[in-house]
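Student: Quick note on this note's numbering: the sequence shown kicks off at 15 and runs consecutively. From the three backbone atoms N, C-alpha and C, an ideal C-beta is built for every residue, glycine too. The model shown is predicted, which means the values in this text are computed figures rather than measured ones.
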Amino acid sequence: MANTFQTPPRSTGSELSQFGTSGRYTKQSYSDFTGSNANLLMSRHRARNIPPGGEPVKREAKVAAMAPLNTDLGEDWRVKISVPDLATFRSSPLLSPLADTGYNVVFPIVPTIAVQYMANYDSIAPVHTNYTYPQYVNSSVNEIAITGEFPVQSEEEGQYWLAATHFFRAVTKMFYGDSSNKGAPPPLCKLNGYGDFVLNNVPVVITSFVSDLPNNVDYIRVPINSQQEGSYAPQYQMVPTNSTIAITVRPTYSRGRIAEFSLDKFINGDLTDKGFI
């Protein structure tokens, strides 16, 4: 006896047609696969043969945030540049986000730091000799190059990026013209990072600052408060979601501080609070 083929009825658009193993037509609705959401059709179809308990664990994305300075949590070893204790820097509305990290510019990503130590010698070259004699002149710590990425994932981090870049632009300038402290050079900052025996309150002046605005990342709209004619008006700036900040600092010691130096104490680690490196 020949098998007969049964023609399925025309679909109304809300049903699916399927032939079982017996050759008979079976009518199923979208809800058999997707529940109440038709957009999950293929996802539900692929998941039919997954045994109970084999479903992937759902994960919730969390946004990273700049951790505030909290000495109760232990030593803060992050690399940071201190904001000078001057009214001009501490009262600026543009620099107010830096107060969340103890008036320091903290690098959110571990930066690359290059430090060069020098012992300088002159050469004495007597006549009729095969070798020169080195004569010690002085020692120095050359400029320190610090380069790090600065990601931005929220408006708060965008405000912090704006404060950091604005601070570095300001701290490389002298008090010139109609300034409160006319004639003063760029102020001294403190460099800290990684612990007492690495970078601990090193007095530095910032000699260069570079910040890129790349064209291969997204930019987010960030509100800021700026003082205009005695009132605070909200403004919006575009901030890159990832950029690179590079600064160069030079260790700077006063004559009185250098007079306190002792190589014996330095070797024993007794001068960590003096900023010598």
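Whole alpha helix (DSSP H) runs in the segment 156-240 with 4 or more residues, listed along the chain?
Tutor: Within the segment 156-240, the runs of alpha helix (DSSP H) at least 4 residues long that lie entirely inside it are, in chain order, 169-185.
Student: I'd like the list of long-range same chain contacts for T146, defined as Cβ closer than 8 Å, with 5 residues on each side in sequence excluded.
Tutor: To locate residue 146, count along the sequence shown from 1; it is residue 132. Result list for T146: S137, I138, A139, in chain order.
Student: Here's the rule I'm using: 16 or more other beta-carbon atoms within 10 Å means buried, otherwise exposed. How should K187 be labelled?
Tutor: Position 173 of the sequence shown, counting from 1, holds the residue named residue 187. K187 is exposed by the Cβ-count criterion.
Student: Would R271 be called buried (16 or more neighbouring beta carbons within 10 Å of its own) or exposed?
Tutor: Start at 1 with the first residue of the sequence shown, and residue 271 comes out as number 257. Exposed, since its Cβ has fewer than 16 Cβ neighbours within 10 Å.
Student: Around the Cβ of K196, are there at least 16 other Cβ atoms within 10 angstroms (buried) or fewer (exposed)?
Tutor: Counting from one through the sequence shown, the residue named residue 196 turns up at place 182. Looking at its Cβ environment, which holds fewer than 16 other Cβ atoms inside 10 Å, K196 is exposed.
Student: Does DSSP put Y44 in a helix, in a strand, or in coil?
Tutor: As a first step, residue 44 is located in the sequence shown; it is residue number 30 there, counting from the start. In this prediction, Y44 scores a pLDDT of 46, lower than 50, which makes its location untrustworthy; no coordinate-derived value is stated.
Student: So what does DSSP say about I127, is it helix, strand or coil?
Tutor: The sequence position of residue 127 within the sequence shown is 113, counting from 1. Three-state result, I127: strand.
Student: Quick check: what's the CA-CA separation for N134 versus Q251?
Tutor: On the sequence shown, residue 134 is found 120 positions in, with the first residue counted as 1. On the sequence shown, residue 251 is found 237 positions in, with the first residue counted as 1. Going from the Cα of N134 to the Cα of Q251 covers about 48 Å.
Student: Decide if P201 is buried, meaning its Cβ has at least 16 other Cβ atoms within 10 Å, or exposed.
Tutor: Translated into positions along the sequence shown, residue 201 becomes position 187. Its Cβ being crowded by 16 or more others within 10 Å, P201 is buried.
Student: Let's see if you can read the secondary structure: which residues bound the beta strand (DSSP E) around K94?
Tutor: For this step, residue 94 is matched to residue 80 along the sequence shown. Looking at the DSSP string, the run of the beta strand (DSSP E) that includes K94 is 94-96.
Student: Mind checking whether S257 and L227 have CB atoms under 8 Å apart?
Tutor: Counting from 1 along the sequence shown, the entry for residue 257 is found at position 243. Counting from 1 along the sequence shown, the entry for residue 227 is found at position 213. Contact: yes.
Student: With distances taken between CB atoms, is the gap from V253 to V166 smaller than 8 Å?
Tutor: Taking the sequence shown and counting its residues from 1, one reaches residue 253 at position 239. Taking the sequence shown and counting its residues from 1, one reaches residue 166 at position 152. Contact: yes.
Student: Closer than 8 Å is the cut-off here; do at least three beta carbon pairs connect the segment 219-237 with the segment 277-288?
Tutor: In short, these stretches do not touch, since the Cβ pair count stays below three.
Student: Start and end of the beta strand (DSSP E) containing A260?
Tutor: Locating residue 260 in the sequence shown gives position 246, counting from the first residue. First-last of the beta strand (DSSP E) with A260: 256-265.
Student: Do you know offhand how far G191's Cα is from V185's?
Tutor: One-based indexing of the sequence shown puts residue 191 at position 177. One-based indexing of the sequence shown puts residue 185 at position 171. Their backbone Cα atoms lie some 16 Å apart in a straight line.
Student: For Y145, write down the residues that DSSP places opposite it in a beta bridge.
Tutor: Here residue 145 is taken as the residue at index 131 of the sequence shown, counted from 1. None, per the DSSP bridge assignment.
Student: Please report the straight-line C-alpha distance between Y131 and S154, rounded to a whole angstrom.
Tutor: Looking up residue 131 in the sequence shown gives position 117. Looking up residue 154 in the sequence shown gives position 140. If I take the Cα positions, the gap works out to 6 Å.
Student: Identify, in the order they occur along the chain, each residue of the same chain with its Cβ nearer than 7 Å to the Cβ of R235, setting aside the five sequence neighbours on each side.
Tutor: Residue numbering aside, residue 235 sits at position 221 when the sequence shown is read from its first letter. In the same chain as R235, and ignoring 5 residues on each side of it, the C-beta atoms closer than 7 Å to its own belong to Y250, M252, in chain order.
Student: Nearest-angstrom Cα distance between K41 and P65?
Tutor: Position 27 of the sequence shown, counted from the start, is the residue given in the question as residue 41. Position 51 of the sequence shown, counted from the start, is the residue given in the question as residue 65. Residue placement at K41 is flagged as unreliable, the pLDDT there being 48, under the threshold of 50; the coordinate-derived value follows with that caveat. The C-alpha of P65 is placed about 25 Å away from the C-alpha of K41.
Student: What residue range is occupied by the uninterrupted alpha helix (DSSP H) comprising F103?
Tutor: The count along the sequence shown starts at 1 and reaches residue 103 at position 89. Element bounds for F103: 101-104.
Student: Cα separation between E157 and V129?
Tutor: As a first step, residue 157 must be located in the sequence shown, where it is residue number 143. As a first step, residue 129 must be located in the sequence shown, where it is residue number 115. Each residue's Cα considered, the two are about 7 Å apart.
Student: Does DSSP put S110 in a helix, in a strand, or in coil?
Tutor: What you label residue 110 is simply residue 96 of the sequence shown in a count that begins at 1. It is helical.
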